[in-house]
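Undergrad:
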Amino acid sequence: METMPYQPQLDVTPARHVAETVTATDWRRALPTLHGRQVTLRDLRASDAPSLHSLLTTQEVARFMSPPPNTVDGFEKFIAWTHRQRAAGAYVCFAVTVRGYDTAIGIFQVRDLGHGFDTAEWGFALGSRFWGTGVFQDGAKLILEFVFETMGVRRLEARAAVLNGRGNGALQKIGAVQEGLLRKSLLRDGRYLDQALYAIVDADWRVLRQQQVRALPVH
Ligand SMILES: CC(C)(COP(=O)(O)OP(=O)(O)OC[C@H]1O[C@@H](n2cnc3c(N)ncnc32)[C@H](O)[C@@H]1OP(=O)(O)O)[C@@H](O)C(=O)NCCC(=O)NCCS
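Take the sequence shown: its position 21, counting from 1, is numbered 56 in the numbering used here, and each next residue is one higher.
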């Protein structure tokens, strides 16, 4: 999701209060907290705005995405918007934290492309100091488990600018299949960029997950 669905100019609805603790299936009310080996994924909070602003607005992180909010206040509004979109059943956004720390260092977002999340699109961004550390892969596994098993997604799409080496490499290594090329589909810095279209379908993901379980060492 290199084009973020959030559009600040259209964001005028006041935020609604949501509960903190929920079971996974209550995701429209509030997101569950998901624990991996290295990361914890949790609902965004307004207090995440400063770290997300600092980490996700650098040139190297933002160069292949639609521009993120450029102020802390803009990120606070974005976070409130994510909560309203989740309550409406259209979109979810998790904060990425490194286990043992509560600072948000990135996001995973998923939006409905069809009816009731049968087809969805995901996107992600991490602060660059966390690239190549395994944080992406660990978080992505949690998201895939959540979207396919809890949200009932059948097909999960992603778009990555062809020039975005890490974005393409990250998708390929978690089993996303490139299905096509979307020519001149992302406007960035006055240039239209080609994007690769990737998808993971539920059946493929279950096979991949089973293979990973089999590959685990037996003690
Ligand atoms: C996308 C992102 C979350 C991935 O996280 P990451 O920690 O960089 O990903 P990983 O290191 O686990 O995987 C990237 C893979 O791409 C490979 N890669 C790096 N540069 C590459 C290039 N130019 N061409 C092909 N593959 C490349 C890496 O070697 C790595 O594979 P490996 O682990 O097998 O060596 C992160 O890079 C990011 O936040 N980027 C900015 C935001 C963004 O572009 N989001 C949209 C993504 S579609």
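Built from N, CA and C at the ideal position, the CB exists for glycine as well.
Taking C-alpha atoms, which residue in W166, R121, A122, T117 lies nearest to I140?
TA: It is W166 whose Cα lies nearest to the Cα of I140.
Undergrad: I'd like the list of long-range same chain contacts for Q213, defined as Cβ closer than 6 angstroms, with 5 residues on each side in sequence excluded.
TA: Counting only Cβ-Cβ distances below 6 angstroms, and skipping sequence neighbours, we find A231, Y233.
Undergrad: Contact between the segment 204-213 and the segment 235-243 is defined here as three or more beta-carbon pairs at a separation below 8 angstroms; is this criterion met?
TA: With a cut-off of 8 angstroms, the segment 235-243 and the segment 204-213 count as touching, because enough Cβ pairs lie within range.
Undergrad: Please report how far the alpha carbon of P102 lies from the alpha carbon of R201, in whole angstroms.
TA: Spanning the two alpha carbons is a distance of roughly 18 angstroms.
Undergrad: Here's the rule I'm using: 16 or more other beta-carbon atoms within 10 Å means buried, otherwise exposed. How should G174 be labelled?
TA: By the neighbour-count rule (16 or more Cβ atoms within 10 Å), G174 is buried.
Undergrad: What is the rounded straight-line gap between the Cα of S89 and the Cα of R64?
TA: Going by the C-alpha atoms only, they are around 28 angstroms apart.
Undergrad: Got a sec: does ligand 1 put a non-hydrogen atom nearer than 7 angstroms to the Cβ of T168?
TA: Within the cutoff, so yes.
Undergrad: Leaving out the 5 sequence neighbours to the left and right, which residues in its chain are closer than 7 angstroms to N14 when beta-carbon positions are compared?
TA: The question about residue 14 has no answer here: the residues shown for the chain are numbered 36 through 254.
Undergrad: Just tell me which of F129, S82, A130 has its CA closest to the CA of E111.
TA: Per the Cα distances, S82.
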